[in-house]
Amino acid sequence: MQKNLSEPLCAKSYENSVSLSQFKTLDGDTLQHGIIANDDNEEMIYMAVDDDKMKRKSTFWNPENLNEFINSSEFSKIISNKPDVTHGQLFFMVLKFSAKNHLPNSVTNNLFQLLNTMFDSPVLPETKYINDKILNPRDGVKLYAVCKNCSVYIGEFGEETLPEVCHLCANEANLTQSTDESFFAVIDPSLQIRDLLQCHEDHYDDVMNRIPNDDRIEDIYDGKMYREFRAQLPSESEKSYITTCLNTDGAPKYKCSKKSIWPLYLMINELPKQARLNNVVCSGLWFNKKKPNMSVFLQKFVDMFNSITSNGILCNLKNKDVIIKPFMITCCVDAPARAAVQGMKQFNGNFGCNWCIHKGRKDGAMLYQIMNEVPRLRTKTETVAIMLNFAEQSDIILGIKYPSPLICLPFFDIIEGMIPDYMHCCLEGVAARMLNYFLQNTSDDKIEELDDQIVEIAPPNQLQRLTRPISERNDWKAREWENFVLYYSITLLEPIISPKKFNHWLLFVEAMYIILQDTIKIEDLNLANKLFHTFVADMEENHGKRAMTYNTHILLHICRSVFHWGPVWANSTFCFESANRHMLNAIKCARGASHQIVRYVNLNHNLLVLENSLPPVESEHVLRYCNEVLESKVKYALTSHNGITYFGRLKYVSNEMAISLGISTNSVIFYKMAKSGCSYESFKLKKKRSNNSFALLDNGTYVKIVRFVLDEQNKMELTQCHTISTTSFFCSKFLKMRQITEIAESIITVPTQSILKICVCLKRDRKNELICELANMLHY
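According to the working numbering, the sequence shown is numbered sequentially starting from 15.
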């Protein structure tokens, strides 16, 4: 049904390491190696201390009650302690505190004033005017007026002459002030892009010199269309460019207003995986009761972005000034927004597919059933030609309604550059509908039994969300749906649906797992493409024609997008939805909400700039406060020279263990550690709601973790574990899900560095367990 994809492609680290010699007892004495008893009942607690400023003991007395506090001599004593922070450090700490606790701007100003009263003269800016000049400059923000009635563009605020009425509907245009109903904002992202690149200059340099893979896809850089884009760049921009992915979507309405927020986000593809997901850049804002007029909203954004592309962004990378050219090459939005952005009909209209000429058939709802002849794919050339001729004809041709401003972006393909939204299509769309089909005739008692089963599952922390009961599935978040599809559904659904429908479901599960992997071999991508096509082809037979929805049809195009632009995690809307949630926290009242959001965007950018401007050595105690106190970091932690962080109380190995392992008697045992941002724990911790003790080694062996051993003296990091024997559960289907046949009683010792991935372990029934490595190790 779709061409073979086997053609060769053109072709969170932990910082501030602490050594054992820097550990001190709670009494302040230096740790002496070899003096700690090894008995389990005689552990002593040690706290990592690597800065003189943290050695000071608390001198605040301990009054029994308020009356004792008031009557003590200390209550009226003038504070003589001198501060040991600079103006900049104190300024940064207050802003970080404010951002962490989502404080309104007025409260932040009050904090500045509070601190200033403690000194003879002000040490921080104490007026809103000064703070806004420093933290909320408006030179990068342009405000444009639109008609409140019909959303037609009127003009830019600040122009000498602005019309008094709308030229289309003759509605009065009161433009004396920029109210939230009469304007939208476009925000210059240049400074945010510059600072993010400078923070990750080493990774950016690696990307510019990276050789793409021919036989596998690891990131967007291996995608066919990314490589074609790179080949078309002029020689002066070959190693001084960035690419972005555009997103816009209406954020949920919030309690103090009936209006919705439509931000424009950019994700920078040349940042490290986790950094790009955590640092999307807000570049525009539409705040209104009505959905945005995309022709107006996007046109101003495109004009601004093209100007930045022409002029470039001056960055200092590796101590050299470089002009970076930004290009927008992809757009990932949900189905309704995609139609508006692309200038096409929605999925519920004829020719509603964004990637092929499938007319669809209206039968109550729009159905996309399998056709005798495969619909041809849309092309950029044909689509742009229809759009450019739109002024001469009023008819909608092949679902195309109006010219999209995005066709004015260089290198942007209005068809292939639109990426299927995996989150809404696959998880909240296909998966949710399928589960409803499976459970539509299921009794309440059986649903309750499934609820008990899913609550008993103890997943690794890397899955982020504990999936709620089946009966609450209407409230599930997208990550809960993903966990259910990839890991839980197999054990939960096998006993309650027919083998035919179960095998049909497995097609979807395996294909989803493949396209979510860290590394996708080309032959595996072809397999996923075949699985999706078979799944869609058999859907009507298994669940009726009503199941042939737009989301089901889009599965036919997903693998092509992966081939062009990389794994679905690299181009999903997860990170943008998360950014929306954080943005809503910035709004404290309905009035001036858009201005509050602009201030929030500037604040987050300024925090990044301030943190990177603080002298690293002199500011360690400041950064520790911000990271450990405000971010709720653990108290007892030690980071090795390999970047692996160990947690918990220190316990030395016994002499017998030291001899048997060939390690120093000063070696220390831990039961929890974090490697590459993922938590691993000993099974002895026996947590009820999580299990981080199952792992996969780099040689393909599954293990159950017993303990971790750190020998700093000999620079050795070891993990003791039980090996796990497995067999294929589904014969030729979904080979990543394995059935455990035996867990060895004997303990082996392996280098901790050899741990590759965390695994999820599931009970199939009372006697049998399944194990499956996670598809990827990202947080999104």
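We treat Cβ as the ideally placed atom computed from N, Cα and C, and that holds for glycine.
Inter-residue Cα distance where the pair is residue i and residue j
{"i": "Ile231", "j": "Ile384", "result": "29 Å"}
{"i": "Lys142", "j": "Asn618", "result": "18 Å"}
{"i": "Asn656", "j": "Met791", "result": "19 Å"}
{"i": "Arg780", "j": "Leu506", "result": "13 Å"}
{"i": "Asn782", "j": "Thr566", "result": "33 Å"}
{"i": "Ala62", "j": "His793", "result": "Residue placement at Ala62 is flagged as unreliable, the pLDDT there being 36, under the threshold of 50; the coordinate-derived value follows with that caveat. Their Cα atoms are separated by approximately 27 Å."}
{"i": "Pro340", "j": "Leu328", "result": "11 Å"}
{"i": "Glu186", "j": "Ser196", "result": "11 Å"}
{"i": "Glu816", "j": "Pro389", "result": "For residue 816 there is no data in the structure shown, the boundaries of the chain being 15 and 794."}
{"i": "Val13", "j": "Ile658", "result": "Summary: the structure shown does not reach residue 13, with the chain confined to residues 15 through 794, and so no result is reported for it."}
{"i": "Arg224", "j": "Gln212", "result": "18 Å"}
{"i": "Glu387", "j": "His372", "result": "10 Å"}
{"i": "Tyr564", "j": "Thr262", "result": "20 Å"}
{"i": "Pro151", "j": "Val612", "result": "10 Å"}
{"i": "Lys750", "j": "Cys786", "result": "6 Å"}
{"i": "Asp54", "j": "Arg703", "result": "For Asp54, the predicted model reports a pLDDT of 35, less than 50, meaning its position is unreliable; a value from the coordinates is still stated below. So the two alpha carbons sit approximately 26 Å from each other."}
{"i": "Lys147", "j": "Val310", "result": "30 Å"}
{"i": "Val160", "j": "Gly264", "result": "18 Å"}
{"i": "Arg778", "j": "Thr533", "result": "28 Å"}
{"i": "Phe83", "j": "Ile92", "result": "15 Å"}
{"i": "Asn320", "j": "Leu423", "result": "7 Å"}
{"i": "Cys775", "j": "Ile528", "result": "19 Å"}
{"i": "Asn641", "j": "Asp98", "result": "18 Å"}
{"i": "Ser633", "j": "Thr100", "result": "9 Å"}
{"i": "Ser592", "j": "Leu291", "result": "9 Å"}
Inter-residue CB distance, residue i and residue j (contact presumed, cutoff 8 Å)
{"i": "Asp229", "j": "Lys535", "result": "7 Å"}
{"i": "Gln727", "j": "Asn680", "result": "6 Å"}
{"i": "Met597", "j": "Ile207", "result": "Incorrect: roughly 19 Å between the Cβ atoms, too far for contact."}
{"i": "Gln753", "j": "Leu788", "result": "Not a contact, Cβ separation roughly 18 Å."}
{"i": "Gly154", "j": "Asp202", "result": "4 Å"}
{"i": "Ala709", "j": "Val717", "result": "5 Å"}
{"i": "Ile428", "j": "Val398", "result": "6 Å"}
{"i": "Val499", "j": "Leu441", "result": "7 Å"}
Top-ranked residue by Cα proximity to residue i, from the options
{"i": "Asp465", "options": "Gln610, Met448, Tyr502, Asp220", "result": "Tyr502"}
{"i": "Thr715", "options": "Val612, Cys773, Met687, Gly357", "result": "Cys773"}
{"i": "Gln531", "options": "Ala584, Val316, Phe549", "result": "Ala584"}
{"i": "Ile511", "options": "Tyr451, Ile468, Ala542", "result": "Tyr451"}
{"i": "Ser94", "options": "Pro118, Met132, Thr100", "result": "Met132"}
{"i": "Ile410", "options": "Ile338, Lys359, Asn185", "result": "Lys359"}
{"i": "Tyr685", "options": "Leu675, Ser707, Ser668", "result": "Ser707"}
{"i": "Leu472", "options": "Lys700, Gly298, Gln734", "result": "Inspection of the sequence shows that residue 472 is occupied by Ala rather than by Leu. For the residues Lys700, Gly298, Gln734, the minimum Cα distance to Ala472 belongs to Lys700."}
{"i": "Lys314", "options": "Pro139, Leu211, Glu170", "result": "Glu170"}
{"i": "Arg144", "options": "Ser120, Trp300, Asp202, Ala159", "result": "In the sequence as presented, Arg is not what sits at residue 144; that position holds Ile. Nearest option by C-alpha distance: Ser120."}
{"i": "Leu664", "options": "Ala672, Leu675, Ile683", "result": "Ile683"}
{"i": "Met239", "options": "Ala159, Asn386, Phe426, Ala265", "result": "Phe426"}
{"i": "Pro252", "options": "Leu182, Val336, Ile282", "result": "Correcting the residue identity first, residue 252 is Glu in this sequence and not Pro. Cα-wise, what sits closest to Glu252 is Val336."}
{"i": "Ser654", "options": "Met687, Val137, Trp495", "result": "Met687"}
{"i": "Tyr416", "options": "Gly357, Asn620, Leu453", "result": "Gly357"}
{"i": "Pro474", "options": "Ser693, Glu486, Lys376, Ser249", "result": "Ser693"}
Delimiting residues of the beta strand (DSSP E) encompassing residue i
{"i": "Ala379", "result": "379 to 381"}
{"i": "Pro424", "result": "Taken as a continuous stretch (DSSP letters only), Pro424 belongs to no beta strand (DSSP E), as it is neither H nor E."}
{"i": "Arg721", "result": "716 to 725"}
{"i": "Lys156", "result": "155 to 160"}
{"i": "Ile275", "result": "274 to 282"}
{"i": "Trp579", "result": "Per DSSP, Trp579 belongs to no beta strand (DSSP E); it is in the alpha helix (DSSP H), 564 to 579."}
Under 8 Å between C-beta atoms of residue i and residue j
{"i": "Asp712", "j": "Ile677", "result": "no"}
{"i": "His578", "j": "Phe549", "result": "no"}
{"i": "Met308", "j": "Val355", "result": "yes"}
{"i": "Val108", "j": "Phe89", "result": "no"}
{"i": "Asp348", "j": "Asp220", "result": "no"}
{"i": "Val615", "j": "Cys296", "result": "yes"}
{"i": "Phe588", "j": "Met437", "result": "yes"}
{"i": "Ile769", "j": "Lys689", "result": "yes"}
{"i": "Gln103", "j": "Val576", "result": "no"}
{"i": "Ile338", "j": "Tyr279", "result": "no"}
Check: residue i C-beta below 7 Å from any heavy atom of the ligand ZN
{"i": "His217", "result": "Questions concerning the ligand ZN fall outside what the structure shown contains, since it holds no ligand whatsoever."}
Limits of the alpha helix (DSSP H) - the one that residue i falls within
{"i": "Thr505", "result": "503 to 507"}
{"i": "Gly102", "result": "101 to 114"}
{"i": "Ala199", "result": "Where Ala199 is concerned, there is no enclosing alpha helix (DSSP H), although the beta strand (DSSP E) it sits in stretches over 197 to 201."}
{"i": "Asp466", "result": "458 to 470"}
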